[in-house]
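Have a look at the structure below, then the notes.
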Amino acid sequence: MKYYLVSILLLTSACAPKVSLLHPEKPAFRKAAPGIFSVALETTKGLIELEVHRDWSPHGADRFYNLVQNGYYNNAAVFRIRPGVWAQFGIAEDPAVSRAWRQQTLPDEPRMISNERGSVAYAFKDPNGRTTQMFINLRDNSATHDTEPFVPFAKVVKGMEIADELYSGYGEQSGGGIRAGKQDSLFARGNAYLKQYWPKLDYIVKARIIK
1 MKYYLVSILL LTSACAPKVS LLHPEKPAFR KAAPGIFSVA LETTKGLIEL EVHRDWSPHG
61 ADRFYNLVQN GYYNNAAVFR IRPGVWAQFG IAEDPAVSRA WRQQTLPDEP RMISNERGSV
121 AYAFKDPNGR TTQMFINLRD NSATHDTEPF VPFAKVVKGM EIADELYSGY GEQSGGGIRA
181 GKQDSLFARG NAYLKQYWPK LDYIVKARII K
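Every letter in the sequence shown is one number past the one before it in this note's numbering, and letter 81, counting from 1, is 81.
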């Protein structure tokens, strides 16, 4: 009897659901990230590994750490790519989840490193407006991005060639930037909208912390 009880408890623990992404106010989303940690983005093109430095952007690193831990970026589309410039993602598969986080803004932080090739920074519409969307710099964008509060919090350490190969044929059409005001359909329908109208996009199948 004890054996079965222990087995059931272990199974229950292993299968315990993550904190609901529909409730960004939960304490689980306020945890401080490690000083340096790595995240594997398993995309439909291959693996991209990011190294996150909390001292580059404490608020940004903490947000990313907690969202990855709770599965926010799983099955998220890389919906906006300007070839050779940037690759943007961060709107969740489930539109209800995206809407829950749309107003969960982070305060601006001082930039510690430039928006060089391979760096990762949050996108935003207004000052103090970072939420969940971010982009990989596919080139050195410091000349333009360092003049605004685009604050890198991570860098690609493996798989930059994969980032370069992510499908970019739709350009700005499949989502556009936050400032362009063309993301309402993504927030209303999520991946269903993207797969219907922009079927060639690549996706982050899973994002996971590896060390």
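C-beta: ideal position from N, C-alpha, C; glycine also. On a predicted model such as this, the values are computed, not experimentally measured, just so you know.
CB-CB length for Leu50 against Lys155, believed under 8 angstroms: On the sequence shown, residue 50 is found 50 positions in, with the first residue counted as 1. On the sequence shown, residue 155 is found 155 positions in, with the first residue counted as 1. Between Lys155 and Leu50 the Cβ distance is about 7 angstroms, and since that is below 8 angstroms, they are a contact.
Presumed contact (8 angstroms Cβ cut-off) between Phe187 and Ile91, rounded CB distance: Along the sequence shown, one-based indexing puts residue 187 at 187. Along the sequence shown, one-based indexing puts residue 91 at 91. About 7 angstroms; that satisfies the 8 angstroms criterion.
Alpha-carbon to alpha-carbon, Asn75 and Gln196: Looking up residue 196 in the sequence shown gives position 196. Looking up residue 75 in the sequence shown gives position 75. Using only the alpha carbons, I get a separation of about 15 angstroms.
The ligand ZN heavy atom lying under 7 angstroms from the CB of Glu148: By its list of ligands, the structure shown contains no ligand whatsoever, and the ligand ZN lies outside what it can speak to.
Distance, Gly190 Cα to Phe64 Cα: On the sequence shown, position 64 is the one that residue 64 refers to. On the sequence shown, position 190 is the one that residue 190 refers to. Going from the Cα of Phe64 to the Cα of Gly190 covers about 20 angstroms.
Option nearest Leu138 by Cα separation, candidates Asn66, Tyr167, Gly35, Met160: Counted from its first residue, the sequence shown places residue 138 at position 138. Closest option to Leu138, Cα to Cα, is Met160.
Where Asn191 falls: helix, strand or coil (DSSP): Against the sequence shown, residue 191 aligns to sequence position 191. Note: Asn191 maps to helix in three-state DSSP.
Contacting residues, own chain, Cβ-Cβ under 8 angstroms from Val68 (five flanking each side not counted): Position 68 of the sequence shown, counted from the start, is the residue given in the question as residue 68. Excluding residues within five positions, the ones whose Cβ falls inside 8 angstroms are Val39, Ala207, Arg208, Ile209.
Per DSSP, cross-strand counterpart(s) of Val97: On the sequence shown, position 97 is the one that residue 97 refers to. DSSP output for Val97 lists no bridge partner at all.
Alpha carbon of Val157 to alpha carbon of Ile48, nearest angstrom: As a first step, residue 157 is located in the sequence shown; it is residue number 157 there, counting from the start. As a first step, residue 48 is located in the sequence shown; it is residue number 48 there, counting from the start. If I take the Cα positions, the gap works out to 8 angstroms.
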